[in-house]
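Presented below is the structure to which this report refers.
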Amino acid sequence: MDKLKVNIGNLFLKNPVMTASGTFGNGKEYTDFIDLSRLGGICVKGTTIHDRQGNAYPRMAETPSGMLNAVGLQNKGVNYFAEKIYPEIKDYDTNIIVNVSGSTIEDYVACTERLVELDKIPAIELNISCPNVKEGGMAFGTCTTSAAAVTKAVRRVWNRPLIVKLSPNVTDITEIARAVEAEGADSVSLINTLMGMAIDIHRRRPKLSTVTGGLSGPCVKPVAVRMVWQTYNAVKIPIIGMGGISCWEDAIEFILAGATAIQIGTYNFIDPTISVKVVDGIKQYLDRNGISSVKELIGALEV
Ligand SMILES: Cc1cc2nc3c(=O)[nH]c(=O)nc-3n(C[C@H](O)[C@H](O)[C@H](O)COP(=O)(O)O)c2cc1C
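Quick note on numbering: the numbering used here labels position 144 of the sequence shown as 144, and the sequence is numbered without any gaps.
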């Protein structure tokens with residue numbers, strides 16, 4: 001299956017298909033459904049230095065072709081991950097990527113420093129869509145200065161592949177991508193959820209306890225493809241594309257737009273076997289079209 005191999009810097013993937021953070025637990029939760037070794041990688045749930053309860057319920061709402069969530073990074077903290085979860089997942093025959101989140105730069109750095117001790121984590125993904133508490137709660141990923149600062153600080157303590165996950169809630173995603181590339185990111189992944197809102201008209205109340213939340217699923221795909229294509233034309237580092245992927249055709253679309261690899265999120269909730277179906281679909285597409293490597297398709301869109 002050499003034709004499916006891709007790499008994100010020094011991160012080698014047996015195929016371009018990964019699962020997205022927050023939608024696939026720690027991988028363990030899906031072992032009854034699929035053989036995890038068939039995946040290029042698994043991005044585990046957002047991990048923070050301290051444990052977090054997450055937001056009050058209701059924190060999910062269905063929307064046409066998608067969902068809103070305001071889970072709020074519920075997790076038991078990086079020490080729990082290192083002591084209890086890591087030993088159970090470290091020997092999976094796939095790349096285990098930890099999604100690192102935080103409220104301050106110091107949080108991100110401290111969380112990463114704990115992960116440095118875990119030698120079977122080949123890469124981390126920085127979730128910069130988190131509110132920066134010291135700067136009034138605006139997300140790190142919505143301003144070039146704070147996106148650059150958090151990338152720079154984490155880069156100093158992490159010498160394995162560093163993926164920075166971009167927020168789509170910006171005017172120009174390419175300037176954020178360039179800012180994190182300049183500070184040493186090995187890759188950017190995009191998109192995180194789009195800020196959205198839904199109202200229960202009978203109760204005249206928001207459907208989420210937090211009023212607004214993150215929109216994901218097939219409804220966001222055209223926005224995500226557009227942002228991947230714009231970013232591909234703006235940076236040299238490899239891109240991991242995601243947002244609404246529900247079939248292998250969607251994955252090919254992202255790759256043609258410039259993604260080296262892709263992640264599948266919300267659709268895991270609809271079909272927990274979707275990720276391996278996408279791997280098989282990409283392989284068959286390559287075979288049918290006589291393409292010897294998926295790498296030939298990266299950014300091969302003709303405009
Ligand atoms: C329930 C839920 C939880 C999520 N948690 C995280 C998270 O912890 N960290 C993160 O970077 N992204 C998180 N995301 C965003 C996804 O990883 C992904 O970027 C986004 O949903 C777009 O892809 P999709 O349309 O395929 O779901 C979450 C998404 C959902 C739906």
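Note that the Cβ used here is the ideal one computed from N, Cα and C, for glycine as well.
- In this structure, T23 places its C-beta atom within 8 Å of the C-beta atom of F269.
- Counting C-beta pairs with one atom in each stretch, the stretch 59 to 79 and the stretch 41 to 49 have three or more that are closer than 8 Å, which means they touch.
- Approximately 5 Å separates the beta-carbon atoms of I34 and T273; this is inside 8 Å, confirming the contact.
- For Q263, the number of other beta carbons within 10 angstroms of its own is at least 16, and it is reported as buried.
- Secondary structure of M18 (DSSP, three-state): strand.
- With a cutoff of 7 Å, K84 does not count as near ligand 1, since its C-beta is closer than that to no heavy atom of the ligand.
- With fewer than three CB-CB distances shorter than 8 Å, the stretch 198 to 211 does not count as touching the stretch 142 to 149.
- Taken in chain order, the unbroken stretches of beta strand (DSSP E) that lie wholly in the stretch 36 to 118 and span 3 residues or more are 41 to 47, 60 to 63, 66 to 69 and 95 to 100.
- By the CB criterion at 8 Å, A139 and S167 fall inside the cutoff.
- No residue range can be given for V211, since it is assigned to no alpha helix (DSSP H) and is classified by DSSP as neither H nor E.
- Contact between the stretch 218 to 226 and the stretch 239 to 259 is present: 3 or more CB-CB pairs across the two stretches fall below 8 Å.
- Closer than 7 Å to some heavy atom of ligand 1: that does not describe the Cβ of G281.
- Taking a C-beta distance under 8 Å as the contact criterion, I282 and I252 qualify as a contact pair.
- By the neighbour-count criterion, in which a residue is buried when 16 or more other Cβ atoms sit within 10 angstroms of its Cβ, S275 is buried.
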